[in-house]
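Written out below as structure tokens is the structure these notes cover.
Next up, the structure:
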């Protein structure tokens, strides 16, 4: 019995060690996944949010984006929207909030591939969004391109991926 | 408490049932809930169905099959969402829409499942050796507002199990 207890404790310690290693020394994939989850949370907003929260969230979003980010996305209704830099995108986000009122954004099925040079990465994910009072969720596939700039993974490109071409 | 005269046997049966359910509903029959109107009236918004992941283990998708298609072109990635569409074009064919009906290599096809009016005119697309053409049964909206087009064989997850109102 003592041996079993010791083995269980050892297994527990090993598991804790693996978890701690992953926590203090995350892989680039994990870092990028966390950033994407954070982006989805910051992109979501409610009509109950105050102006200060909206501005603060927009500022936090800007820290995840490269200055020359390129965005090519399909919005609901079949409209393609493009932005050439971070400021343009952030202005559009601020302008959209009073119009849309409520937005819930969730990223699922996140798949991250880091290049061998560990300087560039691509993430494919499915975005699920509920806009305003619409009952249905909008579902799209998105591709994010990341660049490692001074140990900071910034988004340099965002585009919609059409499942059917 | 009614656990039976042989509780060990009951527990073993319960364990086998749980494992079998997990295996079947994770690897064989994928439960789905239909969202949206693109497959009306064959499949209604909110309807429950299953995707048979073993449907094409030995064969290939046929024209008219209703299948689940991954959103991501990455065939190995996890997924929570699928497109539910009908196969109308097979590898190597040229697909177009004239007056709402699909044309294969220029020849209009009989589509008994097409119950709602459609007036689509979509130019020809030629399919590669691994490509299929997919479209929904509800073509009442303009083609640019309906998700339809080409995907490769590797994006097909399986065939829908319960046939709708065809």
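Chains as they are written, first to last, in the working numbering: chain Y, 93 to 257; chain A, 8 to 173.
Yeah, the Cβ is synthetic: ideal placement off N, Cα and C, and Gly gets one too.
- If you look at residue 236 of chain Y, you'll find it in the beta strand (DSSP E) that goes 230-241.
- The beta carbon of residue 228 of chain Y sits closer than 8 angstroms to some beta carbon of chain A.
- Going by beta carbons, residue 91 of chain A and residue 41 of chain A fall inside the 8 angstroms limit.
- Counting along the chain, the unbroken alpha helix (DSSP H) around residue 109 of chain Y starts and ends at 94-116.
- Residues of chain A with a Cβ closer than 9 angstroms to the Cβ of residue 120 of chain Y do not exist, since the nearest Cβ in that chain sits about 18 angstroms away.
- With a threshold of 8 angstroms between beta carbons, residue 252 of chain Y makes no contact with chain A.
- If you look at residue 138 of chain Y, you'll find it isn't in any alpha helix (DSSP H); DSSP assigns it neither H nor E.
- Within the region 52-81 of chain A, complete beta strand (DSSP E) segments of at least 3 residues are found at 55-59, 73-77, given in chain order.
- The Cβ neighbour count for residue 23 of chain A, taken over all protein chains shown within 10 Å, is under 16; the residue is labelled exposed.
- By the C-beta criterion, the region 235-255 of chain Y is judged to be in contact with the region 204-216 of chain Y, since at least 3 inter-stretch pairs fall below 8 angstroms.
- In the three-state DSSP reduction, residue 114 of chain A falls in the strand class (E or B).
- As the crow flies, the alpha-carbon of residue 207 of chain Y is around 19 angstroms from that of residue 201 of chain Y.
- Residues of the same chain with a CB within less than 7 angstroms of the CB of residue 118 of chain A, apart from the 5 flanking positions on each side, are 108, 109 in chain order.
- Here the region 74-89 of chain A lies against the region 187-201 of chain Y, with 3 or more beta-carbon pairs under 8 angstroms apart.
- Note that the region 108-125 of chain Y does not touch the region 147-158 of chain Y; fewer than 3 beta-carbon pairs, one per stretch, sit closer than 8 angstroms.
- Closest option to residue 257 of chain Y, judged by alpha-carbon separation, among A:62, A:112, A:134, A:46: A:134.
- Using a CB distance cut-off of 8 angstroms, residue 141 of chain Y does not count as an interface residue toward chain A.
- When the Cα atoms are used, residue 47 of chain A and residue 165 of chain Y turn out to be separated by approximately 27 angstroms.
- A residue is called buried once 16 or more other Cβ atoms fall within 10 Å of its Cβ, and residue 161 of chain A, having fewer, is exposed.
- Nearest in C-alpha terms to residue 140 of chain Y, of all of Y:225, Y:185, Y:233, Y:194, is Y:194.
- Counting other Cβ atoms within 10 Å of its Cβ, residue 51 of chain A stays below 16 and is therefore classed as exposed.
- Residue range 14-30 is occupied by the alpha helix (DSSP H) that includes residue 26 of chain A.
- Spatial neighbours of residue 114 of chain Y in its own chain (CB-CB distance under 8 angstroms, excluding positions within 5 residues in sequence) are listed in chain order as 122.
- The beta carbon of residue 177 of chain Y sits closer than 6 angstroms to the beta carbons of 160 from its chain, once the five residues preceding and following it are set aside; these are given in chain order.
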